[in-house]
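The sequence shown runs 5 to 226 under the numbering used here.
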Amino acid sequence: MLTSARNPTIAKAARLRKRALRDHDRLFLLEGAQVVGEALDAGRLERLFTADDLDPIALRARHAGVETHHVAGEVVRHLTSTVTPQALVGIAAFVDVGLDEAMERASEHDPAGCVALLHEVRDPGNAGTVLRSADAADAGAVVFSETSVDVYNPKTIRASAGSVFHLPIVRGASTLDAIGMAKAAGGRVLAMTTGGDGDLYRADLSGPVVFVFGNEAHGLSE
């Protein structure tokens, strides 16, 4: 059992709480059974830390050949960003793809489907909710603009409930490039705003459609 936060393996994992170091290693943290389980099912889980050596997911991970470490509870708390940490913390490799690839895959998935575009969305919980909702709606992709929160922020990943492993994700895209690409492919662009004069539930959503979500405080610019 690993009992010290100073252990080199723990220290290397803990550095992934910082964006610059996530970018350097191209790895990110996963917290909780739901997200870790989804990563395992997707074949993306690279390393697992568990406070319960007999946890079913930990047993599955070992069987799948995932590097698994039994750690003390206080060590798990050192790796997480939550007040009440989960017993499981994992590490996965980045899953994002380029804008061209994501749009192509979205079209192949459903030529008349939808894509979610986050423009200057700063709250990680909101971003994770959009990911989860897009997954539930069977969207073709989710695009994060270069001015939006990091998709690999631990709070975003936790709020996504594992949806980050279910559909193509674009990170750091140009909003104008994404909109231009969608329009060139015959898609429509719908801006999500509380001040709009349209009713989403009555709108013609026959696709392809790009739903654009703006900043929480300022919405979408003209």
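Even glycine gets a Cβ: it sits at the ideal position worked out from N, Cα and C.
Below 8 Å on the Cβ atoms is my contact criterion, and I expect residue i with residue j to pass it. Report the Cβ-Cβ distance as a whole number of Å.
i	j	result
K159	G129	6 Å
A106	V147	7 Å
V1	A186	As shown, the chain starts at 5 and ends at 226. That puts residue 1 outside it, with no answer to give.
V79	T7	7 Å
S149	A177	6 Å
H82	I14	7 Å
Across which residues does DSSP place residue i in a beta bridge pair?
i	result
I173	V146
T13	Paired residue(s): none; T13 is not in a bridge.
I61	None; I61 has no bridge partner.
F98	F98 pairs with nothing; no bridge assigned.
E35	V93
L49	A96
L121	V147, V216
L6	V75
Suppose you measure from the CA of residue i to the CA of residue j; what does that come to, to the nearest Å?
i	j	result
I95	A17	8 Å
L41	T179	Leu is not the amino acid found at residue 41; the sequence shown has Gly there. Computed Cα separation, rounded: 32 Å.
D100	M196	24 Å
A138	G218	15 Å
L121	H113	17 Å
S85	G117	35 Å
R10	V75	12 Å
A55	Q90	9 Å
R109	D29	26 Å
F215	I183	10 Å
L136	S164	It should be pointed out that residue 136 corresponds to Arg in this sequence rather than to Leu. So the alpha carbons of these two residues sit roughly 5 Å apart.
L31	L25	9 Å
V119	D45	24 Å
M5	A141	42 Å
D59	I173	30 Å
L63	R48	16 Å
Can you look up residue i in the DSSP assignment and give me helix, strand or coil?
i	result
A165	coil
E105	helix
R157	This sequence places Asn at residue 157; Arg is not what is there. In the structure shown, N157 sits in coil (DSSP, three-state: anything other than H, G, I, E or B).
T72	strand
A195	strand
A116	coil
T54	strand
S152	coil
G190	coil
A141	coil
D127	coil
T84	coil
R30	coil
S1	Outside the modelled stretch of the chain, which goes from 5 to 226, sits residue 1, for which no answer is possible.
Between the options, which lies nearest to residue i when the distance is taken from Cα to Cα?
i	options	result
I61	I183, V93, L103, L83	V93
R175	L103, A188, I14	L103
D57	A177, A43, H73	H73
T133	S111, G166, T151	G166
A37	H170, R126, A65, D181	A65
F53	V214, G77, A145	G77
R162	D59, A43, A143, P115	A43
V168	P212, D59, L34	L34
D27	N157, L194, E71, H82	N157
D181	L171, P212, H123, H170	H123
For residue i, would you say it is in contact with chain B, using Cβ-to-Cβ distances shorter than 9 Å as the test?
i	result
L52	Absence of chain B from the displayed structure is noted, only one protein chain being present.
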